[in-house]
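Input: a single structure, listed below in structure tokens.
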Amino acid sequence: MIAASLRTITGRRGSFRGGGIVILLGVLLVVTVLLAVNELRPGRNPSIGGQPMLDGVGGIVWALGIVVAILVGSLAGSYDVAQGTMRYLVLTGVGRVRLYAGRTVALVAAIALLLLPALGIGCVAVFALPSDPGDEVSGSALADAVWTATLWPLVFGLIAMGIGSLLRSNGPAIAISLLFAFAASPVLTLIGAWKETLGDVMLLPALDRITGGESSVAIPVAALAVLVWVALPWVLGLARHLRDEY
Amino acid sequence: MTDGPIIRLEHVTKRFRTKVAVDDVSFDVARGRCVGWLGPNGSGKTTLIRCMLGLARVSSGSIAVRGHAMPGGAGAALERVGGIVEEPRFYPYLTGRGNLEVWAGFLGGESRSRVLPALERVGLAADGNRKVKQYSMGMRQRLGVARSLLNDPELLILDEPSNGLDPSGMAAFREMIRSFVEEDGRTVFVSSHLLDEVEKIADDIAIVHEGKLVLHGTVAELVGAGRQGLRLRVDDADRAVVVLESLHLVRGVERRGPHELRVELESFDDAFAIALNRSLVQAGIGVAEVVRERASLEERFLEITGSTGDGAP
Chain P
81 MIAASLRTIT
91 GRRGSFRGGG
101 IVILLGVLLV
111 VTVLLAVNEL
121 RPGRNPSIGG
131 QPMLDGVGGI
141 VWALGIVVAI
151 LVGSLAGSYD
161 VAQGTMRYLV
171 LTGVGRVRLY
181 AGRTVALVAA
191 IALLLLPALG
201 IGCVAVFALP
211 SDPGDEVSGS
221 ALADAVWTAT
231 LWPLVFGLIA
241 MGIGSLLRSN
251 GPAIAISLLF
261 AFAASPVLTL
271 IGAWKETLGD
281 VMLLPALDRI
291 TGGESSVAIP
301 VAALAVLVWV
311 ALPWVLGLAR
321 HLRDEY
Chain D
478 MTDGPIIRLE
488 HVTKRFRTKV
498 AVDDVSFDVA
508 RGRCVGWLGP
518 NGSGKTTLIR
528 CMLGLARVSS
538 GSIAVRGHAM
548 PGGAGAALER
558 VGGIVEEPRF
568 YPYLTGRGNL
578 EVWAGFLGGE
588 SRSRVLPALE
598 RVGLAADGNR
608 KVKQYSMGMR
618 QRLGVARSLL
628 NDPELLILDE
638 PSNGLDPSGM
648 AAFREMIRSF
658 VEEDGRTVFV
668 SSHLLDEVEK
678 IADDIAIVHE
688 GKLVLHGTVA
698 ELVGAGRQGL
708 RLRVDDADRA
718 VVVLESLHLV
728 RGVERRGPHE
738 LRVELESFDD
748 AFAIALNRSL
758 VQAGIGVAEV
768 VRERASLEER
778 FLEITGSTGD
788 GAP
């Protein structure tokens with residue numbers, strides 16, 4: 081069932097394949113820029129690979145990964161109802177909770193598949209391309225970069241799926257999910273100006289904390305906060321999914 | 478599987494706020510029959526089908542499918558039920574075969590091995606590798622039936638399945654539906670507004686009007702219970718009218734031409750036909766033609782829905 085769900089997500093060329101290509105192009109852009117600056121001013125930019133490549137690739141996969149994961153996640157939540165295929169999924173006799181849970185697992189797999197090629201190429205570029213000894217990358221630094229570039233898109237993808245399930249319409253689901261990620265979430269961090277601890281359990285600071293950032297809350301508290309932020313729209317989406325008539 | 482009816486509806490009512498879409502409907506669907514579910518647009522046909530399939534909840538009453546209460550027992554009930562509701566919907570970016578493989582993935586069991594046979598059964602084997610977005614409406618309908626066959630259903634519930642089919646497609650579709658019943662022993666519950674189509678494929682018919690079940694029986698019973706008559710061509714119509722009006726089963730005689738008459742009857746059998754013919758001949762009236770006329774399902778449908786609705790004829 082998960083494989084079937086995954087196929088419905090990965091089969092959408094625009095969001096999945098297109099998104100994957102955009103992320104790959106982002107990585108290629110980073111490689112090209114680093115090659116160019118090294119060629120133009122080798123003294124100031126001695127490394128192509130190593131830490132500069134890791135920073136560049138990690139950053140671009142992180143940023144594009146969030147946008148693409150939001151697109152894929154929103155559609156994973158809304159598409160079946162909007163397209164009318166939901167009733168035929170219900171007709172399979174598979175329980176609605178199982179359908180929803182299976183779709184969630186499939187979405188996690190789909191986002192991992194989206195990021196994997198770009199991260200793979202980026203890692204190869206980090207170690208294969210020449211770098212200054214001062215820019216060498218440790219295993220833990222690499223792991224941190226991969227963790228950050230993977231977790232953020234996963235979190236925003238899952239939140240988008242919840243929003244999509246709740247709204248049941250593709251366009252609004254994408255728009256609201258993007259607004260949540262790029263407008264509402266940054267605004268919510270401003271709560272920190274009033275009460276630091278409360279600000280640090282907002283989504284962005286909490287995510288930052290569990291991906292290596294500093295904050296006033298411990299990592300487990302930040303992890304719990306992220307879990308709650310993901311669970312809230314997910315549960316609301318599930319509730320709608322259970323209640324709706326198709 | 479039980480030996481009871483494959484569908485049992487008991488006092489089923491479905492309300493949408495103040496609107497009653499299905500109003501106290503009760504009937505059984507016997508196994509191995511093709512049942513036509515007829516009603517004007519907006520009469521509650523699709524709503525009841527959605528309730529039967531666990532897609533919507535009833536407001537009151539109960540539905541059992543394959544012996545399992547719906548929607549609580551949907552998991553067990555739908556194991557061997559296939560359906561099309563309103564129109565078949567697919568993932569347009571996947572091929573026809575890819576779509577069926579996706580649904581087989583959800584169904585599990587042996588359904589994956591039924592993908593190709595199902596495509597062949599509906600005549601889409603050659604188009605299985607084309608994307609569904611390139612399919613015509615008729616092809617989508619057939620693919621919808623193929624999807625319904627993936628779990629080897631005992632019961633097929635098809636909502637307006639012949640929508641979008643051309644005349645030859647409809648004939649093939651009719652044949653396919655009959656083969657599901659006669660060759661496979663499946664039960665088919667088919668809703669349609671194409672009455673002549675239903676008359677050709679259904680064994681039983683249920684008519685719904687404004688949410689209420691107004692008639693349920695075999696096609697022969699329903700059509701037989703309608704208006705019956707004879708069309709006669711005689712050499713002396715004036716005298717024939719006098720003779721015919723004296724016969725006890727004749728409700729009325731209508732002149733249709735210089736030599737043509739239509740006789741409205743209370744009921745009809747062979748003995749009456751012989752007696753009528755004999756009376757005319759004994760009166761010296763030449764009878765050139767006697768043709769029995771029965772109300773078509775369409776006439777019967779209009780008769781029933783008109784009489785229970787807004788009073789239209």
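Chains P and D, in that order, give the protein sequences.
Per our numbering, residue 81 is the first one in the first sequence, and the count goes up by one each step.
Per our numbering, residue 478 is the first one in the second sequence, and the count goes up by one each step.
All residues carry an ideal CB built from backbone N, CA and C; glycine is no exception.
Contact between glycine 550 of chain D and methionine 81 of chain P does not hold, since the beta-carbon distance rounds to 20 angstroms and is not under 8 angstroms.
When DSSP assignments are scanned along the region 172-212 of chain P, the uninterrupted stretches of alpha helix (DSSP H) that are 4 or more residues long and fall wholly within it turn out to be 176-208.
If you draw a straight line from the Cα of leucine 209 of chain P to the Cα of leucine 115 of chain P, it is about 9 angstroms long. By the rule that beta-carbons nearer than 8 angstroms mark a contact, alanine 546 of chain D does not touch chain P. Counting every other CB atom within 10 Å of its CB across the protein chains shown gives arginine 755 of chain D a total below 16, marking it as exposed. The beta carbon of glycine 106 of chain P lies closer than 6 angstroms to those of Ile140, Leu144 in the same chain, with the five residues before and after it left out. Secondary structure of serine 590 of chain D (DSSP, three-state): helix. Here DSSP, grouped into helix, strand and coil, assigns glutamate 659 of chain D to helix.
Looking from the CA of glycine 646 of chain D, the closest CA among D:Arg589, D:Arg617, D:Ala748 belongs to D:Arg617. A distance below 8 angstroms between beta-carbons, with the five flanking residues on each side excluded, links glutamate 770 of chain D to the following residues of its chain, in chain order: Gln705, Gly706, Leu707, Arg708, Arg739. Burial check for lysine 522 of chain D: the Cβ neighbour count within 10 Å reaches 16 or more, so the residue is buried. Under DSSP, isoleucine 484 of chain D takes part in a beta bridge, and its partners are D:Val506, D:Val542. Residues of the region 241-255 of chain P that bring their beta carbon within less than 7 angstroms of a beta carbon in chain D are absent altogether. Using a Cβ distance threshold of 8 angstroms, leucine 532 of chain D and valine 161 of chain P do not count as a contacting pair. Shown here for arginine 655 of chain D: same chain residues with a beta carbon closer than 8 angstroms to its own, the five before and five after excluded, namely Cys511, Ile678 in chain order. For glycine 573 of chain D, the three-state secondary structure derived from DSSP is helix. Nearest Cα to asparagine 640 of chain D within the set D:Ser613, D:Glu631, D:Pro630: D:Ser613.
With respect to the C-alpha of serine 536 of chain D, the residue from D:Ile781, D:Gly585, D:His670, D:Thr495 having the closest C-alpha is D:Thr495.
By the Cβ neighbour-count rule, phenylalanine 262 of chain P is exposed, with fewer than 16 other Cβ atoms within 10 Å of its own. Within the region 91-116 of chain P, contact with chain D at the beta-carbon level (separation under 8 angstroms) is assigned to Gly91, Arg92, Arg93. Between the alpha carbons of valine 558 of chain D and glycine 130 of chain P lies a gap of roughly 59 angstroms. For the options D:Phe567, D:Ile634, D:Val622, the alpha carbon positioned closest to that of lysine 608 of chain D is the one of D:Phe567. Residues of chain P whose Cβ lies closer than 7 angstroms to the Cβ of phenylalanine 567 of chain D are, in chain order, Thr165.
With respect to chain D, the C-beta atom of glutamate 325 of chain P has a partner C-beta closer than 8 angstroms. In this structure, DSSP gives arginine 624 of chain D a helical state, which the three-state scheme calls helix.
When C-beta atoms of the region 196-210 of chain P are compared with those of the region 248-262 of chain P, fewer than three pairs fall below 8 angstroms, so the two segments do not count as touching. For tyrosine 612 of chain D, there are no C-beta contacts with chain P under 8 angstroms, since the nearest C-beta of that chain is about 15 angstroms from it. For glycine 688 of chain D and valine 185 of chain P, the gap between their C-alpha atoms comes out near 42 angstroms. Sorting D:Gln611, D:Gly615, D:Asp629, D:Glu556 by C-alpha distance to the C-alpha of valine 592 of chain D places D:Asp629 at the top. Alanine 760 of chain D and arginine 716 of chain D do touch by the CB rule: their CB atoms are close to 6 angstroms apart, below 8 angstroms.
Here threonine 291 of chain P carries a coil assignment [DSSP, helix/strand/coil]. Inter-residue distance for alanine 541 of chain D and arginine 485 of chain D is about 5 angstroms (C-alpha atoms, whole angstroms). The residues Val562, Ile634, Asp636, Ser668, in chain order, have a CB closer than 7 angstroms to that of isoleucine 526 of chain D in the same chain once the five nearest residues on each side in sequence are set aside. Annotation: leucine 742 of chain D has no Cβ neighbours in chain P at a cutoff of 7 angstroms; minimum Cβ distance is about 47 angstroms. Sequence-ordered contacts of the region 165-196 of chain P with chain D read Thr165, Arg167, Tyr168, Leu169, Val170, Leu171, Thr172, Gly173, Val174, Gly175 [C-beta pairs closer than 7 angstroms].
The beta-carbon separation of tryptophan 580 of chain D and threonine 172 of chain P, rounded to 7 angstroms, stays under the 8 angstroms limit for a contact.
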